[in-house]
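Peer 1: Here UniProt numbering is used: position 338 in the sequence shown is 338, and no number is missing along the way. Every residue, glycine too, gets a C-beta built ideally from N, C-alpha and C. I have a structure I would like to understand better, so I am pasting it below and will then ask my questions one at a time.
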Amino acid sequence: MFLSCGKVFLRTCVAGSRHVTGRPLAGVCASHVCTHSSDGLTLRGSSAARGFLRLKMAQSSLDSVRGASTGTLVVTEPLNFWAGKRVKPRQQTNPEPVFEPATGRVLCQLYPCGAEEVDEAIKSAHSAYLQWSKLAGTERARVMLEAARIIRERRDNIAKLEVINNGKSISEALVDIDIAWQSVEYYAGLAGALAGQHVQLPGGAFAYTRREPLGVCVGIGAFNYPFQIATWKSAPALACGNAMVFKPSPMTPVTAVLLAEIYKEAGVPDGLFNVVQGGAETGSLLCQHPMVAKVTFTGSVPTGKKVMEMSSKGVKHVTLELGGKSPLIIFKDGDFENAVKGALMANFLTQGQVCCNGTRVFVQRDIMPKFLEEVVKRTKAIPVGDPLLESTRMGAMISKPQMEKALRYVAQAKKEGARVLCGGEPYVSSDPKLKDGYFMSPCVLDNCTDNMTCVKEEIFGPVMSVLPFDTEEEVIARANNTTYGLASGVFTRDISRAHRVAANLEAGTCFINNYNISPVEVPFGGYKMSGFGRENGQVTMEYFSQLKTVIVEMGDVESVF
């Protein structure tokens with residue numbers, strides 16, 4: 001099962017502040033009518049002989065979400081999508097229940113895709129790629145801008161469905177969907193900027209390079225940011241002219257198909273973005289398919305190793321965004337209020353289920369007592385409960401096994417000598433509908449040492465380990481003493497120290513005087529066992545394209561024969 005990883009950028013998005021009106025590709029729209037039936041969505045109408053089909057399916061799929069509350073929604077529509085429509089697997093056997101984390105009730109049944117379905121989805125993607133890759137970048141951009149507009153328009157309902165399936169608070173989910181449309185919009189802006197280089201050679205000859213798409217890319221997502229990860233992977237892929245087959249986590253299958261419908265409505269060719277559901281077996285089929293050119297994976301280190309191994313047999317391009325045990329370093333000269341807020345942001349977003357979380361909080365010894373007092377006070381005040389309530393700041397963990405795993409880490413920490421200052425227990429709500437939900441009270445651990453299990457291993461739950469330090473040299477050495485290298489952070493007013501520490505920390509990202517912000521404009525990815533390749537930023541276009549060199553001789557061939 002593919003688990004782990006994700007991130008959030010908490011920014012207030014002013015309505016219309018980044019609004020760019022997208023237009024469907026000229027001459028490629030069709031008129032359709034959408035109606036409901038007892039079996040789900042029914043479509044009728046006619047399409048133009050040429051062009052891309054545009055249907056308002058995603059909006060219809062979201063209609064039932066608008067009035068839903070925690071514990072009331074059941075999803076019955078097919079969750080797979082290829083060739084421009086939702087698809088039921090041929091073999092509807094051995095379904096896996098998908099649970100609503102806040103209540104523990106079954107939200108839907110997941111039918112994993114087998115070899116036939118995977119092959120069909122990939123061939124559909126390849127057919128669409130042949131059309132899409134021939135368009136100019138500006139033409140692709142117009143379609144992507146329309147997709148961004150639709151996501152922005154429907155953010156509230158998409159976020160609501162995300163909460164029901166994922167368990168995080170609605171306040172976080174709304175930001176996740178904002179980041180999603182911003183990602184699609186950002187890469188739409190880069191689609192027309194793909195360019196090569198001209199090189200003058202002796203004798204009037206010259207060479208130039210072409211940046212070309214890879215073909216069919218596979219995206220494998222995680223449970224903590226289901227919709228956002230789907231856009232982070234698909235937006236740069238589509239901007240470069242590729243197609244994508246996306247497999248969500250089997251624990252959060254319900255929102256990726258909405259993105260597929262939105263892309264279709266915006267005007268992409270049928271099959272350009274497909275969704276296949278399933279677990280490890282389905283993922284293996286995707287990684288080993290001969291028509292797949294690239295695999296981009298977000299998840300745990302053990303699964304990432306398997307993805308890399310399977311993909312290597314076909315010499316495929318691979319991007320891995322894996323786990324972390326990131327250090328957050330707080331110097332005594334740092335702004336104390338911001339440091340406390342940064343520590344909370346570094347540990348408790350999405351119930352602690354964030355790969356880049358700064359779960360090893362190193363605090364300079366002089367301010368350790370004051371820091372612990374304040375961070376414990378604020379941790380105890382975090383509102384835990386119904387994730388659809390606007391006042392909630394911590395929802396439910398993704399599953400009962402994940403919650404129990406985090407609780408075991410707390411118990412092990414106590415055995416090894418750590419002190420629980422608050423939390424670390426199952427949270428029981430007074431709301432009866434939440435009695436079977438997967439809630440855990442946020443935990444702060446003191447008296448920790450570097451060799452403790454809770455300090456060395458990724459817990460993926462709301463558990464903060466606080467450790468004292470004395471000198472800059474000491475804390476850098478301790479911070480780097482890990483097999484991970486995804487993120488890091490430092491709070492200090494000393495600008496020289498800030499940049500010096502950032503330069504010496506072995507991590508793909510270093511936050512200075514903040515933590516856990518991920519604007520789409522800057523690259524994100526890891527060092528060491530946290531993976532390679534990047535998501536976000538302009539550089540990601542290079543990871544979804546390949547370079548061709550063309551050499552042109554303007555004179556006669558000089559031959560040694």
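With H, G and I counted as helix, E and B as strand and the rest as coil, what does DSSP make of R86?
Peer 2: strand
Peer 1: Rounded to the nearest angstrom, what separates E153 and K160 at their Cα positions?
Peer 2: 14 Å
Peer 1: Helix, strand or coil, according to DSSP, for C108 in the structure here?
Peer 2: strand
Peer 1: When you compare each of N480, V268, S496 and T492 to M529 by their alpha carbons, which one comes out closest?
Peer 2: Of the listed residues, the one whose Cα sits closest to M529 is N480.
Peer 1: Is the beta carbon of V340 sitting closer than 7 Å to the one on M464?
Peer 2: no
Peer 1: As a quick exercise: from G271, E261, V268 and T282, pick the residue whose alpha carbon is nearest that of K247.
Peer 2: Nearest option by C-alpha distance: T282.
Peer 1: What span of residues does the alpha helix (DSSP H) with N504 cover, start to end?
Peer 2: I495 to N504
Peer 1: Taking the beta strand (DSSP E) that Y208 belongs to, which residues open and close that run?
Peer 2: For Y208, the enclosing beta strand (DSSP E) stretches over residues F206 to P213.
Peer 1: According to the neighbour-count rule (16 or more other Cβ atoms, all chains shown, within 10 Å of its Cβ), is residue 562 buried or exposed?
Peer 2: Any question about residue 562 goes unanswered here, given that the chain covers just 1 to 561.
Peer 1: In chain order, what residues of the same chain have a beta carbon less than 8 Å from the beta carbon of D450, not counting five sequence neighbours either side?
Peer 2: Closer than 8 Å at the Cβ level, and outside the excluded window around D450, lie K456, L467, R478 and N481.
Peer 1: Determine the DSSP secondary structure at A193, reduced to helix, strand or coil.
Peer 2: coil
Peer 1: Using DSSP bridges, identify the partner residues of G334.
Peer 2: Under DSSP, G334 forms no beta bridge with any residue.
Peer 1: Whole angstroms is fine: what's the gap from K233's alpha carbon to F469's?
Peer 2: 39 Å
Peer 1: Mind checking K313: buried by the 16 CB within 10 Å criterion, or exposed?
Peer 2: exposed
Peer 1: To the nearest angstrom, report how far apart D176 and I551 are at their CA atoms.
Peer 2: 45 Å
Peer 1: Out of curiosity, what's the CA-to-CA distance linking S169 and G196?
Peer 2: 44 Å
Peer 1: Tell me the rounded alpha-carbon separation between A346 and T359.
Peer 2: 7 Å
Peer 1: Does DSSP classify G278 as helix, strand or coil?
Peer 2: coil
Peer 1: Output needed for G304: all residues of its chain with C-beta closer than 7 Å, excluding positions within five of it in sequence on either side, in chain order.
Peer 2: F297, L320, L322 and G531
Peer 1: Put D556 into one of helix, strand or coil per three-state DSSP.
Peer 2: In the structure shown, D556 sits in coil (DSSP, three-state: anything other than H, G, I, E or B).
Peer 1: For the alpha helix (DSSP H) that Q369 lies in, which residues bound it at each end?
Peer 2: Per the sequence presented here, residue 369 reads as Pro, with Gln not at that position. Taken as a continuous stretch (DSSP letters only), the alpha helix (DSSP H) holding P369 covers M368 to K380.
Peer 1: Under a three-way DSSP split, which group does D450 fall into?
Peer 2: Note: D450 maps to coil in three-state DSSP.
Peer 1: Quick check: the stretch 269–278 against the stretch 241–255, are there 3 or more CB pairs under 8 Å?
Peer 2: yes
Peer 1: Any chance the stretch 415–422 sits against the stretch 323–339, with 3 or more Cβ pairs inside 8 Å?
Peer 2: no
Peer 1: Is it true that the CB of I122 sits closer than 7 Å to the CB of M310?
Peer 2: no
Peer 1: Between the C-alpha atoms of E553 and P523, what's the straight-line distance to the nearest angstrom?
Peer 2: 38 Å
Peer 1: Would you kindly report the start and end of the unbroken alpha helix (DSSP H) that includes G304?
Peer 2: According to the DSSP assignment, G304 belongs to the alpha helix (DSSP H) that extends over V301 to S312.
Peer 1: I398 and P101: beta carbons closer than 7 Å?
Peer 2: Cβ atoms of I398 and P101: closer than 7 Å.
Peer 1: Would you check if the distance between the CB atom of Y225 and the CB atom of A147 is smaller than 7 Å?
Peer 2: no
Peer 1: With H, G and I counted as helix, E and B as strand and the rest as coil, what does DSSP make of A159?
Peer 2: helix
Peer 1: Please report the distance separating the alpha-carbon of Q288 from that of V307.
Peer 2: 9 Å
Peer 1: Can you tell which of L445, G437, E96 and S391 has the C-alpha that lies nearest to the C-alpha of A411?
Peer 2: L445
Peer 1: Compute the Euclidean distance between the alpha carbons of I459 and P426, then round it to the nearest angstrom.
Peer 2: 16 Å
Peer 1: Is it buried or exposed, P202, if we count other Cβ atoms within 10 angstroms and call 16 or more buried?
Peer 2: exposed
Peer 1: Give the DSSP-derived three-state secondary structure of N80 in the structure shown.
Peer 2: In this structure, N80 counts as strand in the three-state DSSP scheme.
Peer 1: Kindly indicate which residue of A83, K316 and Q228 has the alpha-carbon position closest to the one of D119.
Peer 2: A83
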